[in-house]
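The block underneath contains the structure these notes are about, expressed in structure tokens.
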Amino acid sequence: VYLRALRPDIEYKTMSLSTSTTCRQMIVLLLAKFRLRHRDPNLFYMTMEVVVRAPGGAAPARRLLVLDDHACPAELQQCRPRGEARFSVAVRRGGLLRVYDSVLMPGSQYKSLLVSYRTTAEQLVQLLLNCYSNKENPQHYILHEVNKNPYSDRPLRCDECPLVIQSDWPRASRANLSFVLRRNISYALSLKSRVSWRRSLDQSSTDTESEHEDHNTTINSLVSASSVSSALSTSSNGSLSSTTSGIFSSSSGVSSGALSDSSGFT
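The UniProt record's numbering puts the sequence shown at residues 1 to 266.
Okay, structure coming up:
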């Protein structure tokens, strides 16, 4: 890959890529390799120069193709004869953007970054975090468009492009307009509410489990009491039957004796 647009002191770099690696991923790998954390990946794109053979035996010509961000260079290279595909890094048109980022670094007033017109506010926040090696979630911060006179403060949506917004500022009012990075209070509040809801849900689950255990304990107690009652009832019935049998036996004995006496008398 020829890198004059990215690193003027380096002509090219040989890379080992899979056939599924896209141009976008390749540029991110190159920026990480050269530790260019402050460079916007949207500023760069890949080109492929191929040899086109003219009919009739004419001299072959070279043609430059602009690759899409989702194109796979290694896969495209396999479709061409060896040595006939040349890949290079090119630069898109961009602009300088000043962001007041004291929320990230108390001693810093602002940071000027060269970004693309397609770079969104969320991507710009991530780029600022990369400059300070900050691993926080970009959603913890939000970019504001601030006007000093008359005062106004508007938070940007994640999909808005700050450089496009800056290009639409009136020339006479540009001195009063600026971009300020602030903490995302709404995200923090929503996160806090989700944590509170989760805690209440866990507490509710714990209470439900306790009630279920109490219910099971009550049922077990009732079953035990019922078993004891049945046992007592069975024991009582057995004793009553024994007593009744004894009474009937005694009665039979008395009757037999009476009959014997009566026979003797006769």
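Heads up, the beta-carbon is just placed ideally off N, CA and C, and yes, glycines get one too.
Mapping the DSSP letters down to three states, classify residue i as helix, strand or coil.
i	result
His140	helix
Arg171	helix
Gly56	helix
Val164	helix
residue 271	Since the first residue of the chain shown is 1 and the last is 266, residue 271 is not available in this structure.
Ser16	coil
Val1	coil
Ser108	coil
Gly257	At Gly257, the pLDDT of 42 sits below 50, so the modelled position is not reliable; the number obtained from the coordinates is stated separately. Correct three-state label for Gly257: helix.
Val103	coil
Val145	Residue 145 is actually Glu in this sequence, not Val. Here Glu145 sits in strand by DSSP.
Ser236	Note that Ser236 has pLDDT 45, beneath the 50 cutoff, so the model's placement of it is unreliable and the number below is only indicative. In the structure shown, Ser236 sits in a helix (DSSP, three-state: H, G or I).
Tyr45	strand
Based on DSSP bridge pairs, tell me the residues matched to residue i.
i	result
Asp40	In DSSP, Asp40 forms no bridge with anything.
Lys134	According to the sequence provided, residue 134 is Asn. The question's Lys does not apply to it. Answer is none; Asn134 lacks a bridge partner.
Val115	Gly95
Val50	Arg63 and Ala85
On the CB-based measure, 16 or more other CB atoms within 10 Å of its CB, does residue i come out buried or exposed?
i	result
Cys79	exposed
Asn42	buried
Leu163	buried
Glu11	exposed
Leu124	buried
Met105	exposed
Asp168	exposed
Arg4	exposed
Ile142	buried
Ala121	buried
Ser116	buried
Val89	buried
Leu64	exposed
Pro73	buried
Leu181	buried
Ile185	exposed
Asp9	exposed
Val99	buried
Leu96	exposed
Leu127	buried
Leu189	exposed
Just curious, the beta strand (DSSP E) that residue i is in, first and last residue?
i	result
Arg24	Careful: Arg24 lies outside any beta strand (DSSP E), inside the alpha helix (DSSP H) at Cys23 to Lys33.
Leu96	Gly94 to Tyr100
Ser152	Tyr151 to Pro155
Arg62	Ala61 to Val66
Leu181	Leu177 to Arg183
Arg86	Ala85 to Val91
I'd like the span of the alpha helix (DSSP H) that includes residue i, first residue to last.
i	result
Leu76	Pro73 to Gln78
Between residue i and the ligand NAD, is the CB less than 8 Å from at least one heavy atom?
i	result
Tyr100	With respect to small molecules bound, the structure shown includes none, and the ligand NAD cannot be examined in it.
Would a check of beta-carbon distances place residue i closer than 9 Å to chain C?
i	result
Gln25	The displayed structure is made up of one protein chain only, and chain C is not part of it.
Is there contact here, the region 121-133 with the region 76-85, by at least three beta-carbon pairs under 8 Å? no
When you compare the region 139-157 with the region 57-71, are there three or more beta-carbon pairs, one atom per stretch, that lie closer than 8 Å? no
Under 8 Å, with one C-beta from each stretch per pair, do the region 106-114 and the region 151-170 reach the 3-pair mark? no
Specify whether the region 37-54 and the region 13-21 touch according to this definition: at least 3 beta carbon pairs, one from each stretch, less than 8 Å apart. no
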